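> Count along the sequence shown from 1, add 6, and you get the number used in our numbering.
We put the beta carbon where it would ideally sit given N, CA and C, even for glycine.
It should be emphasised that the depicted structure is a prediction, and the values quoted were computed from it without experimental measurement.
Have a look at this one before I ask anything.
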Amino acid sequence: MTRLACMTPVLRADTTSFNDNYHVTWGHDHALLLNQDREIQLTLDQKSGAGFESKMRYGSGLFHIRMKIPDKNSTGVLTSFYLASRSSHHDEIDLEFLGNNGPPYKLHTNLYINGQGGREQQILLWFDPTKDFHSYKILWNEHQIVFFVDNVPIRVYRNNIRKKVSFPSQPMHIFASIWHAEGWASDGRKTDWHQAPFHAHYQDFHVDGCVLQDHNIRECHSPKFWWNAEKYRKLNPDQEREYRNVRKKHLVYDYCSSKSSSHYSECHK
């Protein structure tokens, strides 16, 4: 079940069924529930991919999934976990894994705010995400957005009011999918369909989020939700060290270092 008003996170083995909080939205014949519905396999072939989304929409939270992305030569295959709103000028917070013919694998993150994207960063993962499940998280509160890989912060986007930084403010659903993205996710290389079908696996379907029935997102900023507590308003010193290490050793692209950085106030010193 979705936990709503806990002041502190509860550490336990997750036994949440996929159907408690999610449902398949496309590629139904390419989605397979496993392990007493505590795991789902999404498949991509030349016919179709597949995707699922949360039944509820949220205004803040620490959104978590465990994933194992396709192995073999998965060039052109994109596997994702993200948040998105349903408006014409939408907000979106993306974690996207770019397929490859073996490690290292690129993890692509992006933010759309009021319909404007382009806030892209890429890191090279320091492990092989096809061999086992790893934990991926998105912390979203009114102070910051933090992307985590196995509890290591890999990206931070702060709500800097002084700089008038744009920040997501719309209720969002949780989404996940596998699809063919050869056009932009493969550096010009072609997908080898002889390697198909490609399988992505997802686990851990509990949701730590503030459910919204209307558009009043301010109620999701309440301190009654543990992810809004003061300790989650910025990284702690250990997390800062880990974050600097990731940027130094694994960051391969940052939009704030590109020619278009002048369009984004968060990139200005």
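Leaving out five residues on either side along the sequence, give the residues of the same chain with a beta carbon under 8 Å from the beta carbon of ASP20.
Excluding positions up to five away in sequence, the list reads ARG44, GLN209, ASP210, PHE211, HIS212.
> Near SER80, which residues of its chain fall below 6 Å by C-beta distance, leaving aside the five closest residues on each side in sequence?
Excluding positions up to five away in sequence, the list reads GLY105, PHE204.
> Determine, using beta-carbon pairs with one atom in the region 179 to 193 and one in the region 83 to 95, whether at least three such pairs fall under 8 Å.
Touching, yes, given that three or more Cβ pairs across the two stretches are closer than 8 Å.
> If contacts are defined as beta-carbon pairs under 8 Å, then ALA240 and PHE139 qualify, I think. What distance do you get, rounded to the angstrom?
The identity of residue 240 in the sequence shown is Lys, whereas the question assumes Ala. Actually they do not touch by this definition, with Cβ atoms about 29 Å apart.
> Indicate the three-state DSSP secondary structure (helix, strand or coil) for SER263 in the structure shown.
Helix at SER263.
> Output needed for GLY33: all residues of its chain with C-beta closer than 6 Å, excluding positions within five of it in sequence on either side, in chain order.
The answer, listed in chain order, is SER54, GLY55, ALA56.
> Tell me the DSSP secondary structure of HIS269 in three-state form.
In this structure, HIS269 counts as helix in the three-state DSSP scheme.
> Helix, strand or coil for ASN234, going by three-state DSSP, please let me know.
Looking at ASN234 - three-state DSSP - the assignment turns out to be helix.
> Could you give the distance in angstroms between the alpha-carbon of ASP97 and the alpha-carbon of GLN176?
Their backbone Cα atoms lie some 6 Å apart in a straight line.
> Let me know the secondary structure DSSP gives ALA90 once reduced to three states.
Note: ALA90 maps to strand in three-state DSSP.
> Terminal residues of the continuous alpha helix (DSSP H) containing LYS143?
It is not in any alpha helix (DSSP H) - LYS143 instead sits in the beta strand (DSSP E) that spans 140 to 146.
> Which runs of the beta strand (DSSP E) fall wholly inside the region 47 to 117 and span at least 3 residues, in chain order?
Counting only runs of 3 or more, we get 56 to 60, 64 to 74, 83 to 90, 98 to 104.
> Of all the options LEU48, LEU50, PHE58, ASP51, which has the alpha carbon lying nearest to the alpha carbon of ASP26?
Of LEU48, LEU50, PHE58, ASP51, the residue nearest in Cα terms is PHE58.
> Between the alpha carbons of ARG247 and SER267, how many angstroms are there, rounded?
In a straight line, the C-alpha of ARG247 is about 25 Å away from that of SER267.
> Less than 8 Å between C-beta atoms, sequence neighbours within five positions excluded: which residues of the same chain meet that for TYR259?
Taken in chain order, the residues that qualify are GLU126, GLN127, GLN128.
> Residues in the same chain with beta-carbon distance under 6 Å from LEU145, minus the five sequence neighbours each way, listed in chain order, please.
Around LEU145: LEU68, VAL152.
> Cβ atoms of SER172 and ILE119: under 9 Å apart, would you say?
Going by C-beta atoms, ILE119 is nearer than 9 Å to SER172.
> With DSSP run on the structure shown, which of helix, strand or coil describes GLY121?
Coil, per DSSP.
> For a minimum of 4 consecutive residues, which ranges assigned as the alpha helix (DSSP H) are wholly contained in the region 146 to 224?
Counting whole runs of 4 or more residues, the region 146 to 224 contains the alpha helix (DSSP H) stretches 188 to 191.
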